[in-house]
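Chemist: Numbers in the numbering used here are just positions in the sequence shown, counted from 1, shifted up by 719.
This structure is in structure tokens; I'll ask about it shortly.
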Amino acid sequence: MTDTWERLYTDRRRLRTQAYANSDNLLARASIYQYQQPHIDLVGWALEPVAWRGDERVLDVGCGPGQYLRRLAQRPGLQLIAMDLSRGMLVDLARAWDAAAPLPRRAVADLQALPLPDASLDVALAMHMLYHVLDIERAARELRRVLRPGGTLLAVTNSEGHLAEFSSLMAEAIAAIADAPSETFPRWSSRFRLENGAAMLEAAFERVERRDALGELLIPHADPILAYLESTRSITEPMLPDGATWNALTTEIGGRVAAAISEHGVFRVQTHTGVFVCR
């Protein structure tokens with residue numbers, strides 16, 4: 720399965736036209752964090768390690784609909800650049816942008832070959848996206864290239880324990896509907912996670928510091944989990960074993976979650992996210 724999921728998670732055409740054709744799937748996954756306790760303002764927390772002067776040139780690569788850039792736009796004077804593989808993401812970013820703030824410069828680009836001069840940025844953001852890059856160490860070197868001496872890369876990703884209950888739920892449900900042994904289902908962040916990401920970034924950066932944020936989701940009904948699952952369908956469904964259909968999977972998962980909530984009142988899911996601060 721390893722070769723299959725790595726191809727699915729890094730296939731540029733699939734990422735650009737299906738998984739991230741627009742911001743719908745990403746926003747559907749993000750919505751589940753409304754059930755997080757204690758609530759973590761991940762955007763604000765992840766940006767804290769930079770001692771902002773107010774005149775920095777900032778790149779957000781794999782920017783999605785621009786939640787980090789919208790927060791940074793509250794700091795007048797920053798020069799913001801948005802890049803993503805998906806043109807649809809950049810369209811959604813512009814559509815939702817506050818007209819009172821200058822719109823960032825935008826470009827469709829691949830992190831492995833950034834269309835920027837050497838040493839042209841003060842800060843680069845790679846938020847929840849490096850696990851989709853085919854050659855992560857090459858991407859790290861490219862980010863180092865475009866940063867000025869003393870510049871900072873912020874790279875957010877998850878721990879292997881993040882949403883572990885979802886992975887167990889998937890494995891158990893697939894085993895039930897396909898009459899197959901239960902096997903942990905690989906997650907998107909497996910290729911670049913808190914446990915292995917520092918070594919990849921150290922291929923390009925002298926100092927890599929890791930900061931962690933832990934929490935818990937207390938989900939009161941099955942719908943948010945099923946919506947989260949549906950948002951991953953373009954990559955998850957092709958990995959299902961013979962005999963397992965998408966409808967059967969969602970029905971099985973819905974039943975298991977409902978049973979857990981009936982017994983415990985909520986479905987509990989651990990969260991563990993972090994940011995690498997690289998200089």
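Backbone N, C-alpha and C fix where the C-beta goes; we use that ideal spot for every residue, glycine too.
Can you tell me where the beta strand (DSSP E) with I938 in it begins and where it stops?
Modeler: Start and end: V927 to I938.
Chemist: Mind reading off the beta-carbon distance from W771 to R794? Whole number of angstroms is fine, and I expect it under 8 Å.
Modeler: Confirmed, about 6 Å.
Chemist: Buried or exposed for R726, please, with buried defined as at least 16 other CB atoms from any protein chain shown within 10 angstroms of its CB.
Modeler: So R726 counts as exposed.
Chemist: Helix, strand or coil: which one does DSSP assign to P868?
Modeler: It is a strand residue.
Chemist: Within 8 Å, do at least three Cβ pairs link the region 842-852 to the region 967-986?
Modeler: These segments do not touch.
Chemist: Shortest alpha-carbon distance to I751 belongs to which of G783, P836 and E949?
Modeler: Looking at the Cα atoms, E949 is the closest of the given residues.
Chemist: On the three-pair Cβ rule with 8 Å, is the region 818-827 touching the region 883-892?
Modeler: Judged by Cβ distances under 8 Å, the region 818-827 makes no contact with the region 883-892, as fewer than three pairs qualify.
Chemist: Any contact between the region 730-739 and the region 795-808? By contact I mean 3 or more CB pairs, one from each, below 8 Å.
Modeler: The region 730-739 is in contact with the region 795-808.
Chemist: In angstroms, rounded to a whole number, what distance separates the CA positions of E856 and A977?
Modeler: Looking at the two C-alpha atoms, the distance is approximately 42 Å.
Chemist: Kindly list the residues whose CB is nearer than 6 Å to the CB of R926, restricted to its own chain and excluding five residues on each side of it in sequence; keep chain order.
Modeler: Around R926: R998.
Chemist: From what residue to what residue does the alpha helix (DSSP H) around L746 run?
Modeler: Element bounds for L746: D743 to A749.
Chemist: Considering only the alpha carbon of each residue, which of L791, Q786 and P768 lies closest to V777?
Modeler: Of the listed residues, the one whose Cα sits closest to V777 is L791.
Chemist: Please name the residue in Q786, L873 and A874 whose C-alpha comes closest to that of R814.
Modeler: Looking at the Cα atoms, Q786 is the closest of the given residues.
Chemist: In the structure shown, what three-state DSSP assignment does L920 receive?
Modeler: Residue state, collapsed to three classes: helix.
Chemist: Considering only DSSP beta bridges, list what C997 is partnered with.
Modeler: Partner(s): L872 and V927.
Chemist: Less than 6 Å between C-beta atoms, sequence neighbours within five positions excluded: which residues of the same chain meet that for H991?
Modeler: Excluding sequence neighbours, H991 sits near S878, G880, H881 and L933.
Chemist: In three-state terms, what does DSSP make of D760?
Modeler: Note: D760 maps to coil in three-state DSSP.
Chemist: Answer with buried or exposed for E956, where buried requires no fewer than 16 other C-beta atoms within 10 angstroms of its C-beta.
Modeler: So E956 ends up on the exposed side.
Chemist: Using 8 Å as the Cβ pair cut-off and three pairs as the minimum, do the region 861-868 and the region 830-844 touch?
Modeler: In short, these stretches touch, since the Cβ pair count reaches three.
Chemist: To which residues does DSSP link R825 through a beta bridge?
Modeler: The partner list for R825 (beta bridge, DSSP) reads A801.
Chemist: Using a Cβ-Cβ cut-off of 8 Å, state whether C997 counts as contacting chain C.
Modeler: Among the chains in the structure shown there is no chain C, since it carries only a single protein chain.
Chemist: Over what stretch of residues does the beta strand (DSSP E) that includes A844 continue unbroken?
Modeler: It should be pointed out that residue 844 corresponds to Leu in this sequence rather than to Ala. Taken as a continuous stretch (DSSP letters only), the beta strand (DSSP E) holding L844 covers L840 to M846.
Chemist: Tell me the residue span of the beta strand (DSSP E) that contains D779.
Modeler: Unbroken beta strand (DSSP E) run through D779: R776 to V780.
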